[in-house]
Amino acid sequence: MNGDTRINPFWVKYLIFVSIFLVGQNVWCQKAAPSRKPVPRVSPILSNLFLARFNKTVEKFQPEIEKEIGFCTEDVKKDFHGAFDFQGRDRFFQKCQEKMQDLPIRLCTVAELKVYFTSFLRNAGDQSISESHFLEPNRNCNLTSWSSGCEAGWASAANPGQKYDYNETNPKKMPFRTSNSKPCCEGFFCPEGLTCMIPCPLGAHCPVAKLNPATGICLPYHYQLPSGKPNHTCGAADMWVPVHLDIIAGWALELNTVRCFAGTQCEKGTEIPSMQVFGVLLIALLTAILIVVYNCSDQVISTRYEKQAKSREAAAQYARDAAQARQKSRASKDNWKPSGLQGLQETLSRTFTRTKTKNATGPQVNKKDTHSIDDNLEDKSSSNLESGDKSINTKHARKASKELHTRSQIFKYAYGQIEREKAMDGMNMDMMYDGEGISLRKRPRIEVAFKELTLTLKGKRKNIMRCVSGKILPGRISAVMGPSGAGKTTFLSALTGKITGCNMSGMILINGKNESIHSYKKIVGFVPQDDIVHGDLTVEENLRFSARCRLSADIPKADKVLITERVIESLGLQGVRDSKVGTVEKRGISGGQKKRVNVGLEMVMEPSLLILDEPTSGLDSASSSLLLRALRREALEGVNISMVVHQPSYSLYKMFDDLILLAKGGLTVYHGPVEKVEEYFGGMGITIPDRVNTPDHLIDILEGITKPGGNVTAQQLPVKWMLHNGYRVPPDMLHLCEENGSSSAHVEPVEHADSQREVEKYNYFTTPDLSGRVTPGVFRQYRYYIGRVAKQRLRDARVQAADYIILLLAGACLGTMAEVSDVSFGYSGYQYTVIAVSLLCMIGALRTFSSDKLQYRRESASGMNSLSYFLAKDTMDLLNVVMKPLVYLCMFYFFSYPRSSFESNYLVLLCLVYCVTGISYTLAISLEFSQAQLWSVLLPVVLTLIANQDKTSAVSLVSRFVFPRWALEAFVTANAKEYTGVWLMTRCAALKKFNFDIHNSKKCLCYLMATGFGCRVLAFICLMSRSK
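Once you know that position 112 of the sequence shown is 112 in the UniProt record's numbering, the rest is easy, because the numbers rise by one and skip nothing.
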């Protein structure tokens, strides 16, 4: 057939009919019938014809396709169908039909498609895919037959008169194509070694090539004209690859060329539109929001506290007015009531207001207004007190406090009780005596006895405390004094079970029983020497939180507020209650006030045993006296109080009940009532000079500054005390007895009551609770912790805002520098993103647990729930986990504009931040802050480098188990899914290079989330182990 062959209208109609029924009629017959009449529009039919053939090819070879390129195709049929589904985009078929009226017989059959794609699959993912490659010899193109149609960019028509099956898969039965060879049309590609035409996949730009005379290469492709054929010209594309061309200004080459939408810029030569205008606008908007938060957070908090202060002051004024009214009412009754009865009523009224009983439950009454509640409480308390029925009073007080709900009601109730106590405080102290049934409410008793208590440093056999015996009693204040190095703090730490690094011998009895002090930790208060309080909370918030979590759960909220207000009042903290305590960096209240807050944290939980380590250090005499008076009131309720004191004034010294005087080496010199100190030492010839404080003189003797006088030396004083009480004297101290002329005394060798054992660390899981107090459970404490952490974060808004501003800048900078290439799918930009986001978020998350380690250890030792603490911290940090990826991505996405959606990128970043924050928790809890910072910088960088190693590297196996690898794979695969059509093989090439699998996208996200959760579990285990 010559080159003038045309298809007449009859065959066009026949072609339409046969194409419609192509699936059922799988035979095509070609006959020559030239015609020059206009050709009707048949492009949809031809495109559907080819799509049917192509789908048939994919269906035949689906197992082989999945085996070769399954790692880069989610659904083989869908991906390949999408590459050649030209519905609505098939104009190039019409143009080619107008140029070549025999186009239907130039399209490849299934057998020819098999030949091409068999070779194509072998090269899928090969980085040299853009280079020319030859197909296997076939029926039309081989060593003996090589027509012009076998050249790259050219095709031939099927020889006339032959009958062939388009769905035949055997390459040996493909139709002969050796006649009428022509350059392929625009929009088609014709591989070298194949004489048929294949439509270019969607997204491809397949223009007819132009010869470059200088190089002899057909541009924009890379094939050359064959030698010996002077009439041969450049044809169309020769292989299935995206061709990089200069883009017309205002248009972007995406999966299909589309007009750039408003607000974007499409420069000539670019592949994607520029979204930097949106990025700049977002930077301005988010920066403005952060600046407002930065500058206004303190003002919002201050306004809130001003409202609370007004409400509280109104309640206090109401209570004062009510107290004055009651005082006038009582004054009118004094004319006929005996004075003794009046004092009795007021004493019992104080008992009534502060009594807490577990059985004080009863039917609830309806809610009343504040005046009726207070008046009802006052009237009934007065009548019942006069009759002496204390049980009725207690039940009524409990019911009345449970009825209070609003803040103003609660404060009126609390201040009302405090005003009553103030009125009775001065006149009732002298009337409290035993045996008459008139006394303050007693708390559970804890008596601590110790016998021959000895502490030895591990591995050094050095005694830091030796043969200390005695007991501290409920309702009394014991002062522990002695020179520096006498072991005063060590002694009290040993009694409370907080001593570590030592071996202990001897015996400690709780209420006469050999029980662990940890069994009573809920009613044991320990005030450390350092002021371990939350500096970013106010005085009231610190005290109220301690009361909420450590008081009994059945105590109504109003009574907890009353206890807190009572402590604030007794410690003289009313003027600074709304002031932040402050830290070393941020100035807050004074040192003396902070010391009183430190003590108040233990007083609000109403302990039965209160141990204080140097509570008067740094306090002036007035503050020390105020503190001691507050502790004296605690002792009157049966609290066992012991404290380490350095050189108290004489007036403070007289406020103590007992004195424990230790010599260097932890030996007891005196343990007994303060009133008998001078009598005991005077019996040995040691007299206290006039106008000299007794403890100061005794400490000077123990330090060796002053001679004791008489016939005794400072070294003999501990032995004197042992002999005085009949204690056994250690063998190495017997010579001191002989020097003193006491050799005739019956002294037995020391035999430890218990064999030497190592001091056990805290073990709250196995120690039974014998305190009898049921504190709020996990979820209730979790709610309290949530509120506290929320306040701390709000006050730390400036630091949070700084973190977000840094993320904004990082996102904008990395988005601008990122090279979003259609070959690498933005791999380098995502690599920088993983490093930057991981590093910044890990450093920011370190503050979650590093900033209050000491406070947590104190709270944990007191019995507060560690799980509630951890969950609250993690819950509040979820806000950063959600917002930080959003802030960063708002910049990075609009400055780099990858093809993947904003949502898919955000989901990957969300999982990444959740993962790295869990790792940061573990580092913050396990390491010191400086070391944790170093690891937070080192880990993202090193692990990302490991993840970027070639698959042939020795660390390739390790790279599969690091979080940057999972994040990068999730980013790249999410981006690669958007590359369809002509980009399908480019996608395969990139994923094969990075050793990624498109099916692992969800797995990678799950790995990140699982790592984050696992690290949180590990962090909690570390938290528990370090708190013991």
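We put the CB at the ideal spot given by N, CA and C, even for glycine.
Rounded to the nearest angstrom, how far is the Cβ of I660 from that of V480, given a contact under 8 Å? 5 Å
Count the other CB atoms, across all protein chains shown, that sit within 10 Å of the CB of V533; report buried if there are 16 or more and exposed otherwise. buried
Does D434 pass the burial test, meaning 16 or more other C-beta atoms within 10 Å, or should it be called exposed? Confidence at D434 is low in this model, with a pLDDT of 40, below 50, so its placement is unreliable and no value can be given for it.
Give the DSSP bridge partners of W154, in chain order. P183
Which of the three DSSP states is assigned to R757 in this structure? Caution is warranted here: a pLDDT of 43 is assigned to R757, below 50, making its placement in the model unreliable, and no coordinate value can be reported.
Suppose contacts are defined by Cβ-Cβ distances below 8 Å. Is A494 in contact with L457 by that definition? no
DSSP has T454 in a bridge; who is on the other side? S505
Does the beta carbon of A797 fall short of 7 Å from some heavy atom of the ligand GTP? Looking at this structure, you won't find the ligand GTP or any other ligand, since it has none at all.
Who are the near neighbours of G811 in its chain, counting only those whose CB is closer than 6 Å to its CB and skipping five residues on each side? Y888, M891 and F892
By the 10 Å Cβ neighbour count, where 16 or more other Cβ atoms means buried, how is K884 classified, buried or exposed? buried
What residue from E186, V208, M239 and C72 has the CA that sits closest to S119's CA? M239
Are there three or more Cβ pairs, one per stretch, closer than 8 Å when the stretch 679 to 688 is compared with the stretch 623 to 638? no
Just the C-alpha distance for A790 and L938, rounded to the nearest angstrom, thanks. 30 Å
Close beta carbons around Y415, own chain, < 6 Å, minus the five adjacent residues each side: A315, A316 and A319
In chain order, what residues of the same chain lie with their CB nearer than 6 Å to the CB of S896, ignoring the 5 residues before and after it? G815, A818, V820 and G829
CA-CA distance, Y784 and D874? 14 Å
Do N1000 and P898 have their C-beta atoms closer together than 8 Å? no
Buried or exposed by the 16-neighbour rule on C-beta atoms within 10 Å, applied to K560: buried
Limits of the unbroken beta strand (DSSP E) element including L609: L609 to D613
Have a look at F92, R795, L945 and P940 and flag the residue whose alpha-carbon is nearest the alpha-carbon of Y305. R795
What is the DSSP secondary structure of C196, reduced to helix, strand or coil? coil
DSSP bridge partner residues for N463 (one or two, in chain order): T456
How close, in whole Å, do the beta carbons of R445 and S649 come, if the pair is a contact with beta carbons under 8 Å? Contact doesn't hold; Cβ gap of about 30 Å is too wide.
Rounded C-alpha distance that separates N511 from Y1007: 54 Å
Using a Cβ-Cβ cut-off of 6 Å (strictly less than) and excluding sequence neighbours within five positions of G475, which residues of its own chain qualify? A635 and G638
With a threshold of 8 Å on Cβ separation, who are the neighbours of H646 within its own chain once the five nearest residues in sequence on each side are excluded? M481, E614, T616 and S617
Mind checking who N170 pairs with in its DSSP beta bridge? DSSP, once it has assigned bridges, lists no residue as partnering N170.
So, helix, strand or coil for A479, using DSSP? strand
Using the Cα positions of A157 and G203, report the straight-line distance between them to the nearest angstrom. 26 Å
Does the pairing of the stretch 589 to 604 with the stretch 496 to 515 give three or more beta-carbon distances under 8 Å? no
Could you tell me the alpha carbon to alpha carbon distance between W28 and L103, rounded to whole angstroms? Since pLDDT at W28 reaches only 36, below the 50 mark, its modelled position is unreliable, and the value read off the structure follows with that caveat. Their backbone Cα atoms lie some 13 Å apart in a straight line.
Close beta carbons around C72, own chain, < 6 Å, minus the five adjacent residues each side: R987, C988, L991 and I998
Could you check the C-alpha separation between R461 and V468 for me, to the nearest Å? 17 Å
When burial is assigned at 16 or more other CB atoms within 10 Å of the CB, is H752 buried or exposed? Note that H752 scores 42 on pLDDT, short of 50, meaning its location in the model is unreliable and no value can be drawn from it.
On the CB-based measure, 16 or more other CB atoms within 10 Å of its CB, does I1021 come out buried or exposed? exposed
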